[in-house]
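Per the numbering used here, numbering of the sequence shown is gapless, rising by one per residue and ending at 171.
Think of the CB as a built atom: it goes at the ideal place given N, C-alpha and C, for glycine as much as any other residue.
All of these numbers come straight from a predicted model, not from anything done at the bench.
Notes to accompany the following structure.
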Amino acid sequence: MKQIVIYQSSTGFTKQYAEWIGTALGCEVVDIKNGNSLNIAEYDCVIYGGWIMGNMIMGLDKIRKRNPKNLIVYAVGSTPNGETLREAIRTQNHLEQIPFYYMEGGFHFDKLNFLVRMMLKKMKKSVAKKADKTEQDIYMEKTLGTSFDHSDRKFIVPLVEYVKAGC
5 MKQIVIYQSS TGFTKQYAEW IGTALGCEVV DIKNGNSLNI AEYDCVIYGG WIMGNMIMGL
65 DKIRKRNPKN LIVYAVGSTP NGETLREAIR TQNHLEQIPF YYMEGGFHFD KLNFLVRMML
125 KKMKKSVAKK ADKTEQDIYM EKTLGTSFDH SDRKFIVPLV EYVKAGC
């Protein structure tokens, strides 16, 4: 079975997961920026990974337009994994019929451009002023404007096992 991992990464966490998955499966790993010449139809299984912004998986639409035979999707975000989060991402990205995995990454605040850093600082101040904070609000207040890394190879295990079982 011919497999490939295609990814879109902003600060490196999604790329790291793509490399770990590619190594575990012994398959090619390609940045979506360099994948335009790929013939997706020649792959039996396409594993796509993208980073999350507002529960949207960046770059997913580009892969879907190429009609891969068997698509598996993973998303990398800075928010801790949880059923509510996974379902929100699955619903917003129309992944009801597609195998989907969420992998916790991190945040490289220093790699973001000035405008994005300023927007995040403003968002952090806004969340800090809220009276009735949700668990998500508390997490955002604590982490926005900081750098951290929660990525771990253990998060790839379910995806790798699924692919090895026959995609």
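Assign LEU89 to one of three DSSP states: helix, strand, or coil.
Helix.
Would you check whether the ligand ADP has a heavy atom nearer than 7 Å to the C-beta of MET57?
The ligand ADP is not among the ligands present in this structure, which contains no ligands whatsoever.
Identify the continuous alpha helix (DSSP H) that holds ARG166 and give its terminal residues.
Per the sequence shown, residue 166 should be read as Tyr rather than Arg. Counting along the chain, the alpha helix (DSSP H) containing TYR166 begins and ends at 161-168.
Could you say which of LEU116, ASP114, VAL77 and PHE152 lies nearest to TYR162 if we only look at CA atoms?
The residue asked about is misnamed: residue 162 is Pro in this sequence, not Tyr. Of the candidates LEU116, ASP114, VAL77 and PHE152, the one whose C-alpha sits nearest the C-alpha of PRO162 is VAL77.
Is there contact between the region 52-72 and the region 124-138, where contact requires at least three CB pairs shorter than 8 Å?
No, because fewer than three Cβ pairs between the region 52-72 and the region 124-138 fall closer than 8 Å, the two stretches do not touch.
Which same chain residues end up closer than 8 Å to GLU108 when comparing Cβ atoms and leaving out the 5 residues on each side of it in sequence?
Closer than 8 Å at Cβ, skipping near neighbours: VAL80, GLY81, SER82, THR83, PRO84, ASN85, HIS154, SER155, ASP156 and PHE159.
Can you tell which of THR15, ILE8, LYS133 and LYS168 has its C-alpha closest to the C-alpha of PHE113?
Of the candidates THR15, ILE8, LYS133 and LYS168, the one whose C-alpha sits nearest the C-alpha of PHE113 is THR15.
Verify whether the separation of the beta carbon atoms of GLY147 and PHE118 is less than 8 Å.
In the sequence under discussion, the amino acid at residue 147 is Thr, which differs from the Gly named in the question. No. Outside cutoff.
Between GLY63 and the rest of its own chain, which residues show a CB-CB distance below 6 Å, the 5 nearest in sequence each way excluded?
Cβ neighbours of GLY63 beyond the five flanking positions: GLN12, ILE36 and GLY54.
So for LEU119, helix, strand or coil by DSSP?
Three-state DSSP puts LEU119 in a helix.
Can you check whether the CB of GLY30 is closer than 8 Å to the CB of VAL9?
Against a cut-off of 8 Å, the Cβ pair of GLY30 and VAL9 comes out as no contact.
Pull up the distance between the alpha-carbon of PHE152 and that of CYS49, whole angstroms please.
Cα to Cα, the separation comes out at about 32 Å.
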